[in-house]
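Q:
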Amino acid sequence: MEQLRGEMVARDLAGRDIYDQQVLAAFQRVERHRFVPEEFLNHAYDDRPLPIGGGQTISQPYIVALMTQCLRLNGEERILEVGTGSGYQTAILAELAWEVYTIERIASLSERAQKTLAELGYANFHVFVGDGSQGLPQHAPFDRIIVTAAAPQPPAPLIEQLTVGGIMVVPTGSRVGQDLEVITKNRDGFTTATACRCTFVPLIGEHGYEK
Ligand code: SAH
Numbered sequence: 001m002e003q004l005r006g007e008m009v010a011r012d013l014a015g016r017d018i019y020d021q022q023v024l025a026a027f028q029r030v031e032r033h034r035f036v037p038e039e040f041l042n043h044a045y046d047d048r049p050l051p052i053g054g055g056q057t058i059s060q061p062y063i064v065a066l067m068t069q070c071l072r073l074n075g076e077e078r079i080l081e082v083g084t085g086s087g088y089q090t091a092i093l094a095e096l097a098w099e100v101y102t103i104e105r106i107a108s109l110s111e112r113a114q115k116t117l118a119e120l121g122y123a124n125f126h127v128f129v130g131d132g133s134q135g136l137p138q139h140a141p142f143d144r145i146i147v148t149a150a151a152p153q154p155p156a157p158l159i160e161q162l163t164v165g166g167i168m169v170v171p172t173g174s175r176v177g178q179d180l181e182v183i184t185k186n187r188d189g190f191t192t193a194t195a196c197r198c199t200f201v202p203l204i205g206e207h208g209y210e211k
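Taking the working numbering, the leading residue of the sequence shown gets 1, the next gets one more, and so forth.
This is how it looks when you write it as C-alpha cells:
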C-alpha cells in the first residue's frame, strides 16, 4: 500500500501542479485506504472519487491536494471543513494545520470518519453533525474554510465566519459542474480567483441546494 501511495503522489500530484512540499508529504503519510470501503480497497490509490455510502464519495486525491494547496497552510490555522464525508480531507488538514472543525450532515458518515481519525491517532479535530452551509458560528472565526460539496454560490455565513486575511475554497456552480473558487477576505470585502473546473456532490442545506 505504501508503494502504491508513493506512486499516486508522484504521478497524480507532483506529476501535475501540486508543488507544495508539505502537502505532498502529508499525502505520503495519510493512508487513504483506511478511509475507503472494503470493496474498493484495490482502488484506494487510484486518482478518482470512490463511493463511501449514503450516495456520497471520498474525493479524488488530486482535487483534495489542490484544495489543500490553495489554503496555503503554515500549521497555525483553525480550519472549518464543511462535508466531513470519509474524513480523508480532515486527516490531511489535521496534518497541516493547528485545529480542524469538521461538519457533516449525514450522522453515520460522521461517526465512521470520527472513528477512523481517532484510530489513526489524530487529536486536533472536532466533528459536528448538521448543516454546514450555515457554518459553526459558536466556534467562528476561522482562518481557513474548505467546502467539499458544490454550492450555488459561496455561502454568506461562511464568508462572515472567515477572519480578515482568511482563505476559503469552495466549488460553486450548478449541480453538474462547478468552478473551484478561492476566496480571500480583506477589510473591504473579498476577492475571488478560480483554480479549475470540478464536479462535487451537492451541498444540501439552507445556503446550498435543496435536497
Ligand atoms: N471531504 C470528503 C468529501 C465528501 S463528499 C472526503 O474526502 O471524503 C461531500 C460531503 O458533504 C458528503 O459527505 C455530504 O454528505 C456532505 N454534505 C453535503 N451537504 C452538507 C451540508 N450542508 N453540511 C455538511 N455536510 C454536507
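Beta carbons: idealized from backbone N, C-alpha and C, even for Gly. These numbers were taken from a predicted model, which means no experiment stands behind them.
Here's the rule: buried if 16 or more other CB atoms are within 10 angstroms of the residue's CB, otherwise exposed. What is V55?
A: If you number the sequence shown from 1, residue 55 lands on position 55. According to the sequence shown, residue 55 is Gly rather than Val. With fewer than 16 Cβ atoms within 10 Å of its Cβ, G55 is classed as exposed.
Q: Excluding the 5 residues preceding and the 5 following E95 in the sequence, name in chain order all residues of the same chain whose CB lies nearer than 7 Å to its CB.
A: In the sequence shown, the residue the question calls residue 95 occupies position 95. Cβ contact annotation for E95 (same chain, cutoff 7 Å, sequence separation greater than five): A26, R29 and V30, in chain order.
Q: Under DSSP, the alpha helix (DSSP H) around V64 begins and ends at which residues?
A: Locating residue 64 in the sequence shown gives position 64, counting from the first residue. That run of the alpha helix (DSSP H) goes P61 to C70.
Q: Can you tell me whether D131 sits near the ligand SAH, meaning its C-beta is under 7 Å from at least one heavy atom of the ligand?
A: Position 131 of the sequence shown, counting from 1, holds the residue named residue 131. Because some heavy atom of the ligand SAH lies under 7 Å away, the Cβ of D131 counts as near it: yes.
Q: Excluding the 5 residues flanking C196 on each side, which residues of the same chain have their C-beta closer than 6 Å to its C-beta?
A: Against the sequence shown, residue 196 aligns to sequence position 196. L180, listed in sequence order.
Q: Quick one: using the 10 Å Cβ neighbour count with 16 as the cut-off for buried, is E104 buried or exposed?
A: Looking up residue 104 in the sequence shown gives position 104. Flag for E104 reads buried.
Q: If you count every other CB in all the chains shown that lies within 10 Å of the CB of S108, and 16 or more means buried, which is it?
A: Mapped onto the sequence shown, residue 108 falls at position 108. With fewer than 16 other Cβ atoms within 10 Å, it is exposed.
Q: Where DSSP assigns a beta bridge to D179, which residues make up the other side?
A: On the sequence shown, residue 179 is found 179 positions in, with the first residue counted as 1. Answer is T172 and R197.
Q: Looking only at its own chain, which residues have a Cβ that is under 6 Å from the Cβ of K211, when we skip the five neighbours before and after it?
A: Translated into the one-based positions of the sequence shown, residue 211 becomes position 211. Closer than 6 Å at Cβ, skipping near neighbours: I204.
Q: Any heavy atom of the ligand SAH closer than 7 Å to the Cβ of Q114?
A: Position 114 of the sequence shown, counted from the first residue, corresponds to residue 114. Q114 Cβ: outside cutoff for every heavy atom of the ligand SAH.
Q: Taking 7 Å as the line, does the beta carbon of V127 fall inside it for any heavy atom of the ligand SAH?
A: Here the question's residue 127 lines up with position 127 in the sequence shown. It does not: the Cβ of V127 is nowhere closer than 7 Å to a heavy atom of the ligand SAH.
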